[in-house]
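Novice: I have a structure I would like to understand better, so I am pasting it below and will then ask my questions one at a time.
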Amino acid sequence: MTELERIGRLVDRFTHRALIVPSGDDAAVARPRGAVSVTSVDAVVEGVHFSSSAWPMHAVGRKAVASALSDLAAMGADVGEIYIASGVPKDFDEASFEELTDGIAAAADFSGAVVAGGDLVASSELWLAVTVVGYAASEDSVATRTGACPGDVIAVTGNLGGSARALELLEQGAPADDPRLAKQFAPEPRLAAGAALVAAGATAMIDISDGLARDAGHIASAGKVGMEIELAALPLADTVADPSYAAASGEEYELLVTIPVAGIAAATTAVQQTGTALTEIGQVTERLGVRLVDARGDEVEVRGFDHFDGVDQ
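Per my numbering, the very first residue in the sequence shown carries number 4; after that it's consecutive.
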């Protein structure tokens, strides 16, 4: 397909009645649904986040959108529009393009977001840069990384470790339909859980994209507090037995949250009602930094993922 044919296919697929002016014009026009907007940008790149030889294109499209939407979940925002800029190889065939589009649509449908526009260029490798826009009733109804207070409970949604294990299984030749690959192929941003946690009084929140150990550090640094996390308390994926491994696993897209002690029971119930679990894993402290401790109370070093450094477990 030519560039115009590809763009035309996308416009036909994603034109939505919620848009005042849909994709296909110079810019989309949308009607905001809240007093404040919440915007985030994320990207997936061939050879860094996926391999075309091992990944179905449906999974690439879904992961690209879901990883960006997870940032809105961490803010507790209501999803609005999605904008996607993509670089596509010239030999990218029509079937692959359709499958990639199907994955984007699946993630948008899962979240209730609207694909409103973007850009399409030729590239030596496949990449997608996704901008997501969400809305909130007020600035006070958005969670940030900065509000954790000493004494707050640290908790996490879902379970951990499944994403890193899925990558290992892929390297070992697991077939694309293996359900153990779902954390990579079909991630589900915790949008409903994020909104529930904000309503329940969350003081700080972040999505786990670079590993629990590293992302906890972002909350600690932003709030000028410490975080002590009990490795034995971490909820583990069925495919994982080592808590340290789970604490280093990136691209989990679960939510790490701090909540006052008085609110943890209500928060747990609220998150359960969204279809996932909330597990207490530690406490916010006055001592700066992050400490991950084993059952004996000894500190264990776990770093997480850095794009310019890699994984150190």
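We put the beta carbon where it would ideally sit given N, CA and C, even for glycine. Remember, it's a predicted structure, so these values are computed and weren't measured experimentally.
What is the DSSP secondary structure of Y256, reduced to helix, strand or coil?
Specialist: If DSSP states are grouped into helix, strand and coil, Y256 belongs with coil.
Novice: Can you look up I284 in the DSSP assignment and give me helix, strand or coil?
Specialist: strand
Novice: What are the boundary residues of the alpha helix (DSSP H) that includes T272?
Specialist: I267 to Q275 is the span of the alpha helix (DSSP H), which, as asked, contains T272.
Novice: In three-state DSSP terms, what is G220?
Specialist: helix
Novice: Going by the CB atoms, is the gap between G220 and L1 shorter than 7 Å?
Specialist: Since the displayed the chain opens at 4 and closes at 316, residue 1 lies outside it and no answer follows.
Novice: For V159, I'd like the list of residues in its chain whose CB is within less than 8 Å of its CB, leaving aside the five on either flank, ordered along the chain.
Specialist: I211, L215, L237, P238, E257, L258, L259, V260, L281, T282 and I284
Novice: Alpha carbon to alpha carbon, how far is P246 from G134? Give it in angstroms, no decimals.
Specialist: Position check: residue 134 holds Thr in this sequence, whereas Gly was assumed. Computed Cα separation, rounded: 33 Å.
Novice: Could you tell me which residues DSSP pairs with G90 in its beta bridges?
Specialist: V124 and W130
Novice: Return the CA-CA distance between A235 and S252, expressed in angstroms with no decimal places.
Specialist: 16 Å
Novice: Who are the near neighbours of G266 in its chain, counting only those whose CB is closer than 6 Å to its CB and skipping five residues on each side?
Specialist: When the five nearest sequence neighbours on each side are left out, the beta carbons in the same chain lying within less than 6 Å of the beta carbon of G266 are those of A203 and G204, in order along the chain.
Novice: Here's a check: name, in chain order, each residue in its chain whose Cβ is nearer than 7 Å to the Cβ of L194, leaving out the five neighbours to either side.
Specialist: L72, L75, A76, V82 and S114
Novice: From this set, A177, L13 and M78, which residue's C-alpha is nearest P192's C-alpha?
Specialist: M78
Novice: Hey, would you say A169 sits closer than 7 Å to I222, going by beta carbons?
Specialist: no
Novice: What span of residues does the alpha helix (DSSP H) with I107 cover, start to end?
Specialist: E97 to S114
Novice: Tell me which same chain residues have a C-beta within less than 6 Å of the C-beta of G273, skipping the five on either side of it?
Specialist: Sequence inspection shows Ala at residue 273; the Gly mentioned does not correspond to that position. In the same chain as A273, and ignoring 5 residues on each side of it, the C-beta atoms closer than 6 Å to its own belong to A199 and A203, in chain order.
Novice: Please classify L237: does DSSP put it in a helix, a strand, or coil?
Specialist: coil
Novice: Alpha carbons only, please: which of T42, H52 and T206 is nearest the one belonging to A320?
Specialist: Since the displayed the chain opens at 4 and closes at 316, residue 320 lies outside it and no answer follows.
Novice: Specify whether the segment 94–103 and the segment 38–54 touch according to this definition: at least 3 beta carbon pairs, one from each stretch, less than 8 Å apart.
Specialist: no
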